[in-house]
Every structure is written in C-alpha cells, then in structure tokens.
Amino acid sequence: MTTRSETQTTLDHLLTEIEHRNPAQPEFHQAAHEVLETLAPVVAARPEYAEPGLIERLVEPERQVMFRVPWQDDQGRVRVNRGFRVEFNSALGPYKGGLRFHPSVNLGVIKFLGFEQIFKNALTGLGIGGGKGGSDFDPHGRSDAEVMRFCQSFMTELYRHIGEHTDVPAGDIGVGGREIGYLFGQYRRITNRWESGVLTGKGQGWGGSLIRPEATGYGNVLFAAAMLRERGEDLEGQTAVVSGSGNVAIYTIEKLTALGANAVTCSDSSGYVVDEKGIDLDLLKQIKEVERGRVDAYAERRGTSARFVPGGSVWDVPADLALPSATQNELDENAAATLVRNGVKAVSEGANMPTTPEAVHLLQKAGVAFGPGKAANAGGVAVSALEMAQNHARTSWTAARVEEELADIMTSIHTTCHETAERYDAPGDYVTGANIAGFERVADAMLAQGVI
Numbered sequence: 262m263t264t265r266s267e268t269q270t271t272l273d274h275l276l277t278e279i280e281h282r283n284p285a286q287p288e289f290h291q292a293a294h295e296v297l298e299t300l301a302p303v304v305a306a307r308p309e310y311a312e313p314g315l316i317e318r319l320v321e322p323e324r325q326v327m328f329r330v331p332w333q334d335d336q337g338r339v340r341v342n343r344g345f346r347v348e349f350n351s352a353l354g355p356y357k358g359g360l361r362f363h364p365s366v367n368l369g370v371i372k373f374l375g376f377e378q379i380f381k382n383a384l385t386g387l388g389i390g391g392g393k394g395g396s397d398f399d400p401h402g403r404s405d406a407e408v409m410r411f412c413q414s415f416m417t418e419l420y421r422h423i424g425e426h427t428d429v430p431a432g433d434i435g436v437g438g439r440e441i442g443y444l445f446g447q448y449r450r451i452t453n454r455w456e457s458g459v460l461t462g463k464g465q466g467w468g469g470s471l472i473r474p475e476a477t478g479y480g481n482v483l484f485a486a487a488m489l490r491e492r493g494e495d496l497e498g499q500t501a502v503v504s505g506s507g508n509v510a511i512y513t514i515e516k517l518t519a520l521g522a523n524a525v526t527c528s529d530s531s532g533y534v535v536d537e538k539g540i541d542l543d544l545l546k547q548i549k550e551v552e553r554g555r556v557d558a559y560a561e562r563r564g565t566s567a568r569f570v571p572g573g574s575v576w577d578v579p580a581d582l583a584l585p586s587a588t589q590n591e592l593d594e595n596a597a598a599t600l601v602r603n604g605v606k607a608v609s610e611g612a613n614m615p616t617t618p619e620a621v622h623l624l625q626k627a628g629v630a631f632g633p634g635k636a637a638n639a640g641g642v643a644v645s646a647l648e649m650a651q652n653h654a655r656t657s658w659t660a661a662r663v664e665e666e667l668a669d670i671m672t673s674i675h676t677t678c679h680e681t682a683e684r685y686d687a688p689g690d691y692v693t694g695a696n697i698a699g700f701e702r703v704a705d706a707m708l709a710q711g712v713i
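Residue numbering for the sequence shown follows this note's numbering, starting at 262 and increasing by one per position.
Here it is in structure tokens:
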C-alpha cells in the first residue's frame, strides 16, 4: 500500500503539471490545490483511486466552450464580449452550474467555479455533474433592453451545448431572474421546444421553484447552525457580519434574522454598511433588487443606527459569525487575523472560494469552525436540482416542502463532511471532509464507467 507521504508527492507533481498546462489561471490553480492537498489520506487508503489517469481526468474538463457574443447597445454601437461554458464532469449526472456575468470573468475563473461545482453537486447526493459558464459582460448600469439583447446573443450560441439531460445552467453573480427569463425565451424561440428543465432559477409562474432565490443564503445559515450545534451552541443571540448585498447576502441575512441572530453588515464594491440594530431587509431589498442602487443609500435612508464606510473591510466589524457572501478571495489572511482577535466562532462561505488559503489555515489553527463553500453554499444548486425534478414531473411543490427538503439536504451535507473528516483522522476539519466525501462519490462513478 502506498503511504500518505508518497501519495502526497504524486499529487504535488500533478499540481505542478496543472499549473504548467493551465497558465495564467490562478483561481483554477488555487481551487485544484485546495482539493488535491487534502486527498492523500483517501488515495493512500483506497488503492483504486491511485489508478493512473483517474485524478488527471478529474482535473481536466470534459469540454470547454468559448465564443464571441456580439450585441448592440442603446446608442446603436456594436459591443463584443466573450462567452464561456466549461462542462467539467458528468459522471454523476448532467452538468449543473450557474452563469456569471461580470467583468472579472475569464476562462480561469470559470474553470475554478466548475471544478468546485463537481464536489459541491456530489455532496448534495442529487445526481448532478459539475459545470459553470458566463461572460465578461457587466449588466450593472445597462438598460433592460441592452441586457435582453446581450442575453439573446449569448443564448444563440450557448443553446447548442445545453439541454435538460445534458447541461443545465442557472444564475450566479450578475444573472438573476431577469437574465434567466431572457435566456430561456431565446432558447425556446430557437429550439421551438418548451424544455423547462434546461435552465433553473426561472420565474415561479413558468417552471421555477419556490425558495430557489433564497436557497443559497438559507442553506449557508443552516450549515453554520449545524457547525455551532456540533459545539453545543445555536444561532440565537449571535452577532453576524455578512459581506455582499446580492441575492446570497440578502437571504443569508433573512435566515440569520429568522433564527435569532443579528446580522449587522452588508457591502458592495463601494464599501460597507454597519447597522447596530440589524440590517433592515425591506430597505436593503428595495435599494438592491428594485432600484439596483449602492449600499451607501441604505445608510442615508436608515437613520442614526447605520453608517456607511467607503472602502475598508467588512471583516473589521466584531462579530461571533462571519459569512462571506460576495466573491472569491474577499477574506484574506489579515482579515482572518482580525476576525480571530475579535472572537469569531465560525466562518461559513456563502460565496465560492471567498477565503484565501492562508486565511483558511489561520482560522482552522485558531479553532474557528470553518464551512467551505462547496458544502456551506450547496443549498442553491440543491434547490436547482429540486426545480429540475418538479419540471420533469410538470408539477410545483409548496414552499414548505422545498424548505424542508433543503434543510434535510444541508443537514445531510454537514453530517457527511463531519463524519468523513473523522474517518480520515481530521476531526472538525470540514474542508477535508467535504473534499474527500465529494471526491469519493465522483471517483467511484468514474471508475465504474471506464476510461472516458
């Protein structure tokens, strides 16, 4: 049997090869490193996983699609963006993962997101593979007509690569209900099919699921609550800092409040707000979802309990819990050190890879419960899969049923991660538990299906 150290050496060589084969993709390198550095125990214990080519296939996407997206703005000027879809692994089911519209999008970012999605989707136990897509298009400040024209052009190419049994995109940063509607309309127009299961995050009147908008934020809070229960505590009376002010952050705040915690922050690229009374959700939703404004407007209209801090770090605010819900690598080592000094008990990732590796190690060394995104924010894709199930049956579930299913899934994910970490001598290490548990499910399916 190969020792752990020998296995780790092999994995380190593979990481070097990944960096060589995928130059200028630091986010993908980071995601691959975060997973592979935890796999030595399971690969050493189960020789079949050391089969030549297994992990090499796992880190290489099955398909990468990049295309031109021309569209016309309201002044008649032709604009050109890039579109991406990385179909990473379909061993467990059709590719499943969101579309991100943001200027930071490039192939490396999409590959990191798709790679994370493989393990996240495996943890749900719902039979979905991993993929991700998007564009460097920025919908912020664009009219509805411009967004529609862009989405129609984007789907005119994407439609040939997706389908309810092939690849099922959803929303992500910059892609909400408006964008999903335009994308679905163009898909229906081109294909002449009512294939509701081809996209998730749809409107509730035409194939969408109740609780889907709330699912990622709700699920993250449920995972954080499970980590606290493992330590003999609950959310009641805890103070929480939340980054972001988009869909994930808003519903993270909503569920924290419902479970008795006090969420005191939100943020966007302009800075952050601290509200000692707790974030007023109605006001935040009005500003961000209706007016599409900035969080400084929240402080202006909230009154004396709230203040806006331009720039700066939301992690400077003392709290019991931290829930990064904005974007990748937003919580660095210095921020983690500040959180530890301020007595944080748990950090649970609502965004994808929002915590740098150095920050993760610091938090874990300090004894902070850390919930990695592939486990903690899996609620969104879980309810997306439930939306697919409703679409296949041409039915609609009640909100209570969907929320109950979501709670069961998040509890199961927590249990799986916790028990897997203990099984491989890493008690309390949710990163190791999530990576190994997701890997085992995908690797077993890949082995059973042969070299493809």
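From the three backbone atoms N, C-alpha and C, an ideal C-beta is built for every residue, glycine too.
All values reported here derive from a predicted model rather than from experimental measurement.
contact_flag[the region 666-684, the region 480-496] where n(CB pairs < 8 Å) is 3 or more:
yes
Relative to the alpha-carbon of residue 367, which residue among 327, 391 and 338 has its alpha-carbon at the smallest distance?
327
Assign residue 342 to one of three DSSP states: helix, strand, or coil.
strand
Nearest to residue 280 by alpha carbon, out of 334, 568 and 369?
369
Whole-angstrom distance between residue 270 and residue 263, CA atom to CA atom:
11 Å
Nearest to residue 329 (by Cα), restricted to the options 291, 491 and 396:
396
Coil, strand or helix - residue 440 by DSSP:
helix
Taking the alpha helix (DSSP H) that residue 509 belongs to, which residues open and close that run?
508-519
Please report the distance separating the alpha-carbon of residue 363 from that of residue 398.
6 Å
Just the Cα atoms here: how many angstroms apart are residue 268 and residue 299?
11 Å
Residue 344 CB to nearest heavy atom of the ligand NAP below 8 Å
This structure does not include the ligand NAP; it has no bound ligands of any sort.
Does the contact criterion of 3 or more C-beta pairs under 8 Å hold for the region 471-485 versus the region 557-564?
no
Taking residue 638 and residue 526 to be in contact with their CB atoms under 8 Å, please state how far apart those CB atoms are, rounded to whole angstroms.
That belief does not hold up - the Cβ atoms of residue 638 and residue 526 are roughly 18 Å apart, past 8 Å.
Whose CA, out of 429, 413 and 499, lies closest to the CA of residue 643?
429
Would you mind working out which of 347, 381 and 427 sits nearest residue 394, comparing C-alpha positions?
347
Looking only at its own chain, which residues have a Cβ that is under 6 Å from the Cβ of residue 522, when we skip the five neighbours before and after it?
496, 499 and 501
Enclosing alpha helix (DSSP H) for residue 559 [first to last residue]:
557-563
Looking only at DSSP bridge pairs, what is residue 609 linked to?
632
Please report the residue range of the alpha helix (DSSP H) in which residue 291 lies.
287-297
What are the start and end residues of the alpha helix (DSSP H) that includes residue 378?
368-385
Residue 400 and residue 341 closer than 9 Å at C-beta:
no
Using three-state DSSP, classify residue 501 as helix, strand or coil.
strand
How long is the line joining the alpha carbons of residue 634 and residue 339, rounded to whole angstroms?
38 Å
Which residue or residues does DSSP assign as beta-bridge partners of residue 356?
390 and 428
Report the three-state DSSP secondary structure of residue 524 (helix, strand or coil).
strand
Can the beta-carbon of residue 505 be found less than 9 Å from the beta-carbon of residue 611?
yes
Closest by C-alpha distance to residue 591, when choosing among 578, 273, 581 and 620
620
Exposed or buried, residue 285, counting other C-beta atoms within 10 Å across all chains shown (16 or more means buried)?
exposed
From 660, 419 and 275, residue whose alpha carbon lies closest to that of residue 469:
660
Give me the Cα-Cα distance between residue 519 and residue 663, rounded to the nearest whole angstrom.
17 Å
Please report the straight-line C-alpha distance between residue 630 and residue 607, rounded to a whole angstrom.
4 Å
Per the DSSP calculation, residue 333 is bridged to which residue(s)?
339
Let me make sure I understand the geometry here. Which of 516, 450 and 444 has the alpha-carbon closest to that of residue 461?
444
Any idea what DSSP makes of residue 616, helix, strand or coil?
strand
Short check: CB of residue 404 to CB of residue 332, under 9 Å?
no
Cβ of residue 609 within 9 Å of Cβ of residue 510?
no
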